[in-house]
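Numbering (the working numbering), first residue to last: 19 to 612.
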């Protein structure tokens with residue numbers, strides 16, 4: 019057990035010529051203004067990399083630097099220190115070593131925290147320096163609210179069973195904040211936000227209640243025996259959304275906002291009657307994190323530059339396509355952010371309005387009063403807009419109005435639920451749009467998907483099976499066999515899935531003269547052939563394959579996104595099929611790399 023001593027890290031950095039005296043003075047002035055730690059300030063100013071600073075700090079303190087992204091920890095060991103102290107001292111118990119503990123600290127120079135840790139743990143402590151962001155990420159995943167949810171669910175079940183409590187009086191009581199149903203919902207939301215869930219599903223079954231959370235596109239399930247609490251949860255959620263709690267036979271949609279862990283979370287809610295009760299699905303949208311810029315959504319540099327040039331055109335139609343949960347909304351809002359300035363009038367027609375943007379005129383479609391996409395779009399064009407964003411081209415009328423708006427001096431942004439860029443243009447023709455209008459209006463189509471990132475903590479080489487190698491040989495050629503791919507073995511950080519986070523893949527098709535002529539002739543086959551031969555055109559499958567070659571994602575994800583392995587004829591050695599089909603369930607955009 020070694021006593022820690024205070025060091026002046028700024029002076030040491032100058033002495034070792036890592037930063038200059040001038041940079042230190044600038045950082046100290048900024049630190050005084052913001053109240054942040056000096057190391058954080060130096061990193062924010064770009065004078066040091068996060069890893070470089072931590073390694074230097076470890077060298078000066080003669081303690082190891084541990085990169086938590088690659089460290090194999092045990093959940094039971096981490097929990098030796100209660101969560102309240104983990105967050106307060108930014109400290110994590112990493113391992114048991116002999117009669118002592120290895121503890122990682124974001125700031126090992128904090129002598130008070132070190133002394134408190136020794137007192138709380140009652141064992142000798144050996145320190146290591148770790149990154150604060152990686153530490154907090156582990157904390158959010160280890161210290162789940164699962165036990166608390168089960169405890170409150172049992173409490174609610176007992177309360178509902180005490181001689182037939184009137185549910186409506188329970189939900190509208192003066193002490194509603196203390197009611198078990200409210201505490202249970204708050205804990206559910208807190209747990210979901212803590213682990214980065216995009217959706218919460220509440221599903222009644224015959225004898226149990228299932229609560230499932232979607233993380234990185236995959237559902238994780240928690241089963242509760244207290245099935246009767248489902249009705250209380252649904253009724254309370256309906257009240258929060260302003261819905262009719264007496265109507266249990268018809269689906270309903272609502273929306274409300276809550277604050278969780280200091281963050282403003284917008285909840286979009288949908289109910290549906292099932293055999294054993296009502297199912298609720300809630301989409302969580304973090305309003306406090308701000309919208310992503312186009313530069314942050316993961317587009318390759320060359321494709322990003324082309325897309326920026328396209329949305330700066332004065333008129334034309336740009337479509338973003340993909341299934342639900344592929345990140346279309348994030349891309350569209352990123353484009354609107356890039357265009358949003360005082361010189362442009364921007365109007366959006368959405369269902370629903372997901373993010374509120376300053377200076378942009380956003381209209382919510384209301385089907386109950388016949389405020390449809392087409393009706394709002396007609397009115398919007400009389401409001402002298404420069405840019406119009408249509409949430410989705412759902413029908414022939416909306417598509418035709420949007421196309422004609424693009425022909426008459428407006429930049430129109432919209433989405434379609436199609437599999438790839440090539441099929442999107444053909445879908446417009448199938449919807450009844452005239453070929454000459456599509457050919458004259460359409461500027462470009464951006465198709466996109468989200469693929470899961472291989473977890474860096476448990477990454478290992480991936481020996482491909484015969485089917486995967488056959489697919490590679492057909493798509494890439496025999497040289498692909500020399501490529502080394504990665505997969506995740508599964509660890510606590512990734513909930514044993516092998517994946518942590520997601521990143522976007524993109525397919526951009528610009529409509530040139532030859533493609534526009536094919537559309538004017540309604541020549542579907544000719545358009546598809548010309549599109550695939552267009553210089554610089556890369557399919558979604560190959561974009562995913564590029565990430566697999568870099569070790570960012572796995573070949574399993576490439577095949578899942580491509581949806582093509584079943585179309586490969588191994589006897590003939592030939593590949594057949596369209597580019598993409600995907601059964602991709604609902605999910606929010608995250609922020610690539612978050």
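Heads up, the beta-carbon is just placed ideally off N, CA and C, and yes, glycines get one too. Note that the structure is a prediction, hence the values are computed from the model and not measured.
One question on the structure: do residue i and residue j come within less than 8 Å of each other, judged by their Cβ atoms?
{"i": "residue 641", "j": "residue 75", "result": "Absent from the structure is residue 641, since the part of the chain shown begins at 19 and ends at 612."}
{"i": "residue 423", "j": "residue 406", "result": "yes"}
{"i": "residue 561", "j": "residue 580", "result": "no"}
{"i": "residue 9", "j": "residue 206", "result": "Nothing in the structure corresponds to residue 9, since the chain is present only between 19 and 612."}
{"i": "residue 401", "j": "residue 365", "result": "yes"}
{"i": "residue 525", "j": "residue 556", "result": "yes"}
{"i": "residue 396", "j": "residue 378", "result": "no"}
{"i": "residue 543", "j": "residue 503", "result": "no"}
{"i": "residue 535", "j": "residue 505", "result": "no"}
{"i": "residue 294", "j": "residue 209", "result": "no"}
{"i": "residue 352", "j": "residue 312", "result": "yes"}
{"i": "residue 463", "j": "residue 533", "result": "no"}
{"i": "residue 546", "j": "residue 440", "result": "yes"}
{"i": "residue 141", "j": "residue 110", "result": "no"}
{"i": "residue 103", "j": "residue 138", "result": "yes"}
{"i": "residue 213", "j": "residue 158", "result": "yes"}
{"i": "residue 241", "j": "residue 298", "result": "no"}
{"i": "residue 278", "j": "residue 200", "result": "no"}
{"i": "residue 202", "j": "residue 156", "result": "no"}
{"i": "residue 558", "j": "residue 529", "result": "no"}
{"i": "residue 147", "j": "residue 72", "result": "yes"}
{"i": "residue 97", "j": "residue 153", "result": "no"}
{"i": "residue 250", "j": "residue 340", "result": "no"}
{"i": "residue 89", "j": "residue 510", "result": "no"}
{"i": "residue 394", "j": "residue 367", "result": "yes"}
Find the nearest neighbour of residue i within the set the options, judged by alpha-carbon distance.
{"i": "residue 408", "options": "315, 202 and 383", "result": "383"}
{"i": "residue 275", "options": "170, 302 and 159", "result": "302"}
{"i": "residue 572", "options": "209, 60, 257 and 521", "result": "521"}
{"i": "residue 467", "options": "140, 216, 347 and 159", "result": "347"}
{"i": "residue 314", "options": "330, 355 and 338", "result": "355"}
{"i": "residue 106", "options": "574, 150, 429 and 553", "result": "150"}
{"i": "residue 309", "options": "253, 376, 80 and 493", "result": "376"}
{"i": "residue 273", "options": "370, 92 and 51", "result": "370"}
{"i": "residue 246", "options": "221, 499, 437 and 153", "result": "221"}
{"i": "residue 65", "options": "41, 81 and 129", "result": "41"}
{"i": "residue 69", "options": "79, 78, 83 and 63", "result": "83"}
{"i": "residue 550", "options": "338, 438 and 510", "result": "438"}
{"i": "residue 172", "options": "136, 243 and 93", "result": "243"}
{"i": "residue 198", "options": "215, 162, 89 and 248", "result": "248"}
{"i": "residue 332", "options": "461, 101 and 385", "result": "461"}
{"i": "residue 216", "options": "495, 232 and 225", "result": "232"}
{"i": "residue 435", "options": "343, 495 and 389", "result": "343"}
Excluding the 5 residues preceding and the 5 following residue i in the sequence, name in chain order all residues of the same chain whose CB lies nearer than 8 Å to its CB.
{"i": "residue 374", "result": "305 and 380"}
{"i": "residue 132", "result": "22, 123, 126, 143 and 145"}
{"i": "residue 392", "result": "413, 415, 416 and 419"}
{"i": "residue 360", "result": "377"}
{"i": "residue 117", "result": "141 and 142"}
Within its chain, find whatever has a CB closer than 7 Å to the CB of residue i; leave out the 5 residues flanking it on each side and keep chain order.
{"i": "residue 55", "result": "125"}
{"i": "residue 564", "result": "none"}
{"i": "residue 453", "result": "447, 537, 538, 539 and 540"}
{"i": "residue 403", "result": "363, 364, 365 and 428"}
{"i": "residue 590", "result": "In this prediction, residue 590 scores a pLDDT of 33, lower than 50, which makes its location untrustworthy; the coordinate-derived value is nonetheless stated afterwards. Contacts found: none."}
Please list, in chain order, all residues of the same chain as residue i whose beta carbon is under 6 Å from its beta carbon, the five residues on each side excluded.
{"i": "residue 613", "result": "Here the chain comprises residues numbered 19 to 612, so residue 613 is not present and cannot be evaluated."}
{"i": "residue 230", "result": "219, 237 and 239"}
{"i": "residue 284", "result": "275, 303 and 305"}
{"i": "residue 410", "result": "433"}
{"i": "residue 449", "result": "414 and 417"}
{"i": "residue 430", "result": "335, 406, 420, 423 and 424"}
{"i": "residue 470", "result": "234, 517, 520 and 575"}
{"i": "residue 48", "result": "59"}
{"i": "residue 399", "result": "423"}
On the DSSP bridge list, what partners appear for residue i?
{"i": "residue 57", "result": "In DSSP, residue 57 forms no bridge with anything."}
{"i": "residue 477", "result": "506"}
{"i": "residue 368", "result": "382"}
{"i": "residue 145", "result": "121"}
{"i": "residue 238", "result": "231"}
{"i": "residue 274", "result": "285"}
{"i": "residue 290", "result": "297"}
{"i": "residue 432", "result": "337 and 408"}
Under 8 Å, with one C-beta from each stretch per pair, do the segment 514–521 and the segment 472–482 reach the 3-pair mark?
Touching, yes.
Would you say the segment 286–294 touches the segment 248–264, given that touching needs at least three Cβ pairs under 8 Å?
Segments in contact, yes.
Inter-stretch contact (C-beta, 8 Å, three-pair minimum) for the segment 445–460 and the segment 524–539
These segments touch.
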